[in-house]
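Following: one structure in structure tokens, then a few remarks.
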Amino acid sequence: MSSFTTDEICEMSGARQARLIREGAISPVDAVEASLDRIERLDSTLNAFCTLADEEAMEAAREAERAIEDGADVGPLHGVPVGIKDLIATKGIRSTFGSKLYGDFVPDRDSVVVERIRDAGGIVLGKTNVPEFGYQGITDNAVFGPTRNPWDPDRTPGGSSGGSGAALAAGMVPLALGSDGGGSIRIPSSFCGLYGMKASFGRVPLFPEHRDPELPGTNAWESVEHVGPMSRTVEDSALLLDVIAGPHHMDRHSLPDDGTDYLGAVREPDVDGLTVAYTPDWGYAAVDPSVREITAEAARIFEDELGCTVERATPVFPDPLDAFTAIVAQSTDLKELRKELHEHSGEMEPVLVDILETEWTATDFTEAYKVRQAVNVEMRRFTEEYDLVLTPTLAVPPFEVGSPGPTTIDGRRVELFHWLSFTFTINLTGQPAATVPAGWTDDDLPVGLQIVGGHLDDELVLEASAAYEEANPWYDRYFPTDA
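For the sequence shown, the positions run 0 to 482 when numbering that gives the first Met the number 0 is used.
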């Protein structure tokens, strides 16, 4: 029997849970039971989990406990509960992709990343809520309804990995997986006061999600999608990235293993002497004044406390929103989804319906790729001059549940996804990017700072994140236990 209370276990980092499990101070059963207890208390309000695998998780926890008792060699995540986004396939556990079209779908295989988590000893606790096929920056769908933000349940946690974000921020799990085609790891991490990282494109393999023609509703985002870690600490994301990164033959985009030790990158972080650019708006984006103020102050920490040279500088490229939308549409199986739309009228989310009903042309796609190339060339040129680029993660603080996004920001009319201007741009380039909590508004709502690295500079992004976390720690802001 553990000497720790349920809440004490839930409020531990994933790395600490793993260490105490290996030492025998807590058991995998303690860890899973604590998470399930927290979910039972809080999730009727937050709706973070859409499918619980509680019986399977408890059986896995008992097996993990026996392995510890037998003195077996165990993996780095042994006995630690993990939440899996519902866009990521889990063998034997319902995976709906937030759509009525897949309301009863149970995959017969794990995603590569889930398989690696299980092999490392992690225990899949269940699936976290998403918008339909991930096509929104919030989390709501016709199957399970909206997910709410633990910092204020009247606000959205963002999306599309909003269930993972809410579960982490409320202490339901210490580790969670998200996916990110236009910011979907960084959006809820920013809105929920978390750390989230989109590693370089191809660093973490994707299969079967977004790569499998047998699943037409999910065969999308092919050239911009990432799967990655979300957590309450930088160390936890590095721990999870060490497990899930690395090539896989089923993903033609996956990168060779370059030997990066992600945990090692965060243990003694030192960014002294780096040259850092801070742009508050890409030169064109509307940004909420409170976000500008909070992220500017966070950027100053890199100069005042971390020894970097920080310059106000902005890369020059056209607003790529229309190009990004076209590229997502081009990589979507429009024929199959339009067939589903015809057969299931009224059952699909409006944002997805708009994309499907748009009459896209070859010219639209050609122009989109020209804009993408312009953004890529400029960002590569820019990161030859600067080691890191800092931006707000999102243009606004968390807004009300039920809204797909603001129509005005700082007095300017904006299109639906302009509040995501800082995130989807970096999906076009494939660069590594993370969000760290920059601060909180007067209403006690989290605001994130985005840290962008050069091509394949994942290790530097993690190191900079860890250095910032040491200088401006946020972990003591948890936990909202009465959400």
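We treat Cβ as the ideally placed atom computed from N, Cα and C, and that holds for glycine.
Can you tell me whether Tyr283 is buried or exposed? The criterion is at least 16 other CB atoms within 10 Å of its CB, across all chains shown. Tyr283 is classed as exposed because its beta carbon has fewer than 16 other beta carbons within 10 Å across all chains shown.
Locate the alpha helix (DSSP H) running through Asp303, then write down its first and last residues. Pro288 to Asp303
What runs of the beta strand (DSSP E), each 3 residues or longer, lie entirely inside the region 370-450? 387-391 and 432-439
Quick one: using the 10 Å Cβ neighbour count with 16 as the cut-off for buried, is Thr362 buried or exposed? exposed
For Leu320, which three-state DSSP category applies? Leu320 falls in the helix class under three-state DSSP.
Helix, strand or coil for Lys99 per DSSP? helix
The alpha helix (DSSP H) that contains Ala463, what's its start and end? Asp457 to Ala470
Beta-carbon within less than 6 Å of Ala244's beta-carbon, same chain only, minus the 5 sequence neighbours each way: which residues are those? Arg202 and Val203
Grouping DSSP H, G and I as helix and E and B as strand, with all else coil, what is Arg147? It is coil, neither helix nor strand.
Of the listed residues Val309, Asp321, Leu340 and Gly125, nearest to Glu366 (C-alpha basis): Asp321
Please classify Gln483: is it buried, with 16 or more other beta-carbons within 10 angstroms of its beta-carbon, or exposed? The chain is shown from 0 up to 482; residue 483 falls before or after that span and cannot be answered.
Can you have a look at Gln372 and say buried or exposed, based on whether 16 or more other CB atoms are within 10 angstroms of its CB? exposed
Given Thr434, which residues of its chain have a CB within under 6 Å of its CB, disregarding the five upstream and five downstream residues? Arg185, Ser188, Ser189, Gly195, Thr392, Gly447 and Gln449
Asp103 versus Val142 - alpha carbon distance: 11 Å
Nearest-angstrom Cα separation, counted from Glu224 out to Pro317: 22 Å
What first and last residue would you give for the beta strand (DSSP E) that runs through Phe48? Its beta strand (DSSP E) spans residues Phe48 to Leu51.
Looking at the unbroken beta strand (DSSP E) that takes in Val28, where does it start and where does it end? Counted as a single uninterrupted DSSP element, the stretch harbouring Val28 is not any beta strand (DSSP E) but the alpha helix (DSSP H) occupying residues Pro27 to Leu45.
The ligand NAD heavy atoms versus the CB of Asn46: any closer than 7 Å? No copy of the ligand NAD appears in this structure; indeed no ligand is present at all.
Between Thr50 and Ala33, how many whole angstroms is the CB-CB distance? I'm expecting something under 8 Å. Going by Cβ atoms, the distance from Thr50 to Ala33 rounds to 20 Å, so no, they are not a contact pair.
By Cβ distance, which residues of its chain are closer than 6 Å to Tyr467, with the 5 residues on each side in sequence left out? Val435
Quick check on this structure: which residue in Ile293, Thr428 and Lys99 has the alpha carbon closest to the alpha carbon of Leu444? Ile293
Compare the C-alpha of Leu240 against each of His454, Asp271 and Ala198 and name the closest. Nearest in C-alpha terms to Leu240, of all of His454, Asp271 and Ala198, is Ala198.
Would you mind stating whether Ala47 and Thr155 have Cβ atoms separated by less than 8 Å? no
Specify the secondary structure class of Gln135 as computed by DSSP and reduced to three states. coil
If you run the structure through DSSP and keep just helix, strand and coil, what is Gly193? Inspection of the sequence shows that residue 193 is occupied by Leu rather than by Gly. Of the three classes helix, strand and coil, the one that applies to Leu193 here is coil, per DSSP.
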